[in-house]
Amino acid sequence: MAAVNANRRGAAPTIEVQGIRKRYGRVLAVDGLSFTVPPGRVTGFAGPNGAGKSTTLRLILGLDAPDEGSALIGGRPYRGLRTPLREVGALLDAGAIHPGRRADDHLRWLARSNGLPVRRVREVLEQVGLAQVARRRAGGFSLGMRQRLGIAAALLGDPPALMFDEPVNGLDPEGVHWIRGLLRGLAAQGRTVLVSSHLMSELEDTADHLVVIGRGRLLADAAVRDVCDAASEGRYVLRTPRPAEAAGSLRSAGAAVTVSGPDSLIVSGLAADRIAALVTAAGVTFSELTAHRASLEEAYLRLTRAATDYTASTEERR
Ligand SMILES: Nc1ncnc2c1ncn2[C@@H]1O[C@H](COP(=O)(O)OP(=O)(O)OP(=O)(O)O)[C@@H](O)[C@H]1O
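What follows is the structure, encoded as structure tokens:
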């Protein structure tokens, strides 16, 4: 990768979102959201479809104005940055490139209009694996290739801060693996990296820290490990050959019980020794009673369950 602006200029900027609110007609897309994105780590920005992630990124990039609050990059609004592409790179809508434009022409035009050295065009095309198709028109690109071209544009100014909206969209498994490495590499160079996704599995191996939103509000702002810990607390795995009977006796004592396999239950609301006593009193044997360790996916589903917009039973938002 080319020389790092972050190192040349000292610390990369922190992105600070303070109490932003944005309404589109009847929809309150972002509802008083605050969080910060420091340099040197990958911050995952997660939430169900329609949670307000893209709106938040657009507000940070000054593409839309908040009704309330502020979004600052290194203490300044995006519109106040003197050379924006050298300071913040962003991938928002990869489909937005004119279909008739060739990949390298698109980047050359961006470089010239932003006062960036044209040699960067070849460097970023190589970095994203598009050097061989540089003269092809974007209209003939697959979604994955358009994503890579959008990422090349974000990297063009060698910026110390980067924001990617759903960058994995359309990428094949090799592409997904590549983007994980790219994001982690950018953070390891000391850059500020914010990456959104509605799928937790995409952030699991990439993000160090998570900001989770639902219906425009903050649900969690914590290290990935802490998000899992919070979802694990007070929950136990009970393995038994007679799960239905065990569940019945535990529920009648006030426990919340979910079936997690043909012979296993997840139990919460009771202490471990009480669970053991109740099951034994019901004449049910068990082979395991241990603290449950929630996966990130499970933690995320628990966090966002109440804030998921489009479920089988709910068709309209607000
Ligand atoms: N320009 C707009 N005009 C009207 N409504 C909008 C506009 N932009 C966003 N919305 C609405 O605001 C809400 C938040 O949308 P947003 O695209 O920010 O969510 P998201 O978390 O990025 O979702 P996804 O994961 O589906 O991309 C949605 O209900 C959306 O329909």
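In our numbering, the protein residues as written are 178 to 495. In this text, a Cβ means the ideal position worked out from N, Cα and C, and glycines have one as well.
- Message: I'd like the span of the beta strand (DSSP E) that includes V434, first residue to last.
- Response: Counting from 1 along the sequence shown, the entry for residue 434 is found at position 257. Counting along the chain, the beta strand (DSSP E) containing V434 begins and ends at A433 to G438.
- Smallest Cα separation from F212: which of L360, G221 and D342? By one-based count along the sequence shown, residue 212 stands at place 35. Here the closest residue by C-alpha is G221.
- Item | G210 and I197 closer than 8 Å at C-beta | Here residue 210 refers to the residue found at position 33 when the sequence shown is read from its first residue. Here residue 197 refers to the residue found at position 20 when the sequence shown is read from its first residue. Contrary to the premise, residue 210 reads as Leu rather than Gly in this sequence. Closer than 8 Å, so yes.
- Quick one: residues with CB closer than 5 Å to any heavy atom of ligand 1, in chain order, please. Y201, V204, A206, N226, G227, A228, G229, K230, S231, T232 and H375
- Taking DSSP as the reference, what is the three-state secondary structure of V305? Reading the sequence shown from its first residue, position 128 is the one you call residue 305. Coil at V305, not helix or strand.
- Touch test, the region 273-292 against the region 307-317, Cβ-Cβ under 8 Å, three pairs minimum: yes
- Message: Assuming contact is defined by CB atoms lying nearer than 8 Å, are V389 and G224 in contact in what I supplied?
- Response: Here residue 389 refers to the residue found at position 212 when the sequence shown is read from its first residue. Here residue 224 refers to the residue found at position 47 when the sequence shown is read from its first residue. Going by C-beta atoms, V389 is nearer than 8 Å to G224.
- Between which two residues does the beta strand (DSSP E) carrying D500 extend? Given that the chain is displayed from residue 178 to residue 495, the structure contains no residue 500 and the question cannot be resolved.
- Query: Mind checking whether V207 and L236 have CB atoms under 8 Å apart?
  - Reply: Locating residue 207 in the sequence shown gives position 30, counting from the first residue. Locating residue 236 in the sequence shown gives position 59, counting from the first residue. Closer than 8 Å, so yes.
- Message: Report the CB separation of V414 from E465 in whole angstroms; it is logged as a contact under 8 Å.
- Response: As a first step, residue 414 must be located in the sequence shown, where it is residue number 237. As a first step, residue 465 must be located in the sequence shown, where it is residue number 288. Yes, V414 and E465 are in contact; Cβ-Cβ is about 6 Å, under 8 Å.
- CA-to-CA distance, G334 to T481, given in whole angstroms: Stepping through the sequence shown from its first residue, residue 481 is reached at position 304. Stepping through the sequence shown from its first residue, residue 334 is reached at position 157. Using only the alpha carbons, I get a separation of about 36 Å.
- Note the first and the last residue of the continuous alpha helix (DSSP H) segment covering L359. On the sequence shown, position 182 is the one that residue 359 refers to. Taken as a continuous stretch (DSSP letters only), the alpha helix (DSSP H) holding L359 covers P350 to A365.
- Item | Whole-angstrom distance between G347 and M322, CA atom to CA atom | On the sequence shown, position 145 is the one that residue 322 refers to. On the sequence shown, position 170 is the one that residue 347 refers to. Cα-Cα distance, rounded: 8 Å.
- Query: Roughly how many whole angstroms lie between the Cα atoms of E264 and G251?
  - Reply: Taking the first residue of the sequence shown as position 1, residue 264 is located at position 87. Taking the first residue of the sequence shown as position 1, residue 251 is located at position 74. So the two alpha carbons sit approximately 9 Å from each other.
- Can you have a look at G277 and say buried or exposed, based on whether 16 or more other CB atoms are within 10 angstroms of its CB? The residue you call residue 277 lines up with position 100 of the sequence shown. Per the 10 Å Cβ criterion, exposed.
- Query: Which first and last residues belong to the beta strand (DSSP E) in which R285 is found?
  - Reply: Indexing the sequence shown from 1 puts residue 285 at position 108. Not the beta strand (DSSP E): R285 falls in the alpha helix (DSSP H), residues A280 to S290.
- Item | Proximal residues to K230 (C-beta, below 6 Å), its chain only, five neighbours per side dropped | By 1-based counting over the sequence shown, the position of residue 230 is 53. Around K230: F222, G224 and S373.
- Item | Beta-carbon proximity check, A432 vs V444, cutoff 8 Å | The residue given as residue 432 occupies position 255 in the sequence shown. The residue given as residue 444 occupies position 267 in the sequence shown. Yes; because the gap between Cβ atoms is below 8 Å, this pair is in contact.
- Query: From what residue to what residue does the alpha helix (DSSP H) around R235 run?
  - Reply: Numbered from its first residue, the sequence shown carries residue 235 at position 58. Run containing R235: K230 to I237, per the alpha helix (DSSP H) assignment.
- Task: Below 8 Å on the Cβ atoms is my guess for A364 versus P190; work out the distance and round it to an integer in Å.
- Result: For the purposes of this step, residue 364 is identified with residue 187 of the sequence shown, where counting begins at 1. For the purposes of this step, residue 190 is identified with residue 13 of the sequence shown, where counting begins at 1. Not a contact, Cβ separation roughly 14 Å.
- Query: Under three-state DSSP, which class holds D342?
  - Reply: The sequence position of residue 342 within the sequence shown is 165, counting from 1. In the structure shown, D342 sits in a strand (DSSP, three-state: E or B).
- Message: Considering just the uninterrupted stretch of the alpha helix (DSSP H) at Y477, what are its terminal residues?
- Response: Along the sequence shown, read from residue 1 onward, the residue named residue 477 stands at position 300. Per DSSP, Y477 belongs to the alpha helix (DSSP H) from L473 to T481.
- Query: At what residues does the alpha helix (DSSP H) containing E422 begin and finish?
  - Reply: Here residue 422 refers to the residue found at position 245 of the sequence shown. Element bounds for E422: P420 to S429.
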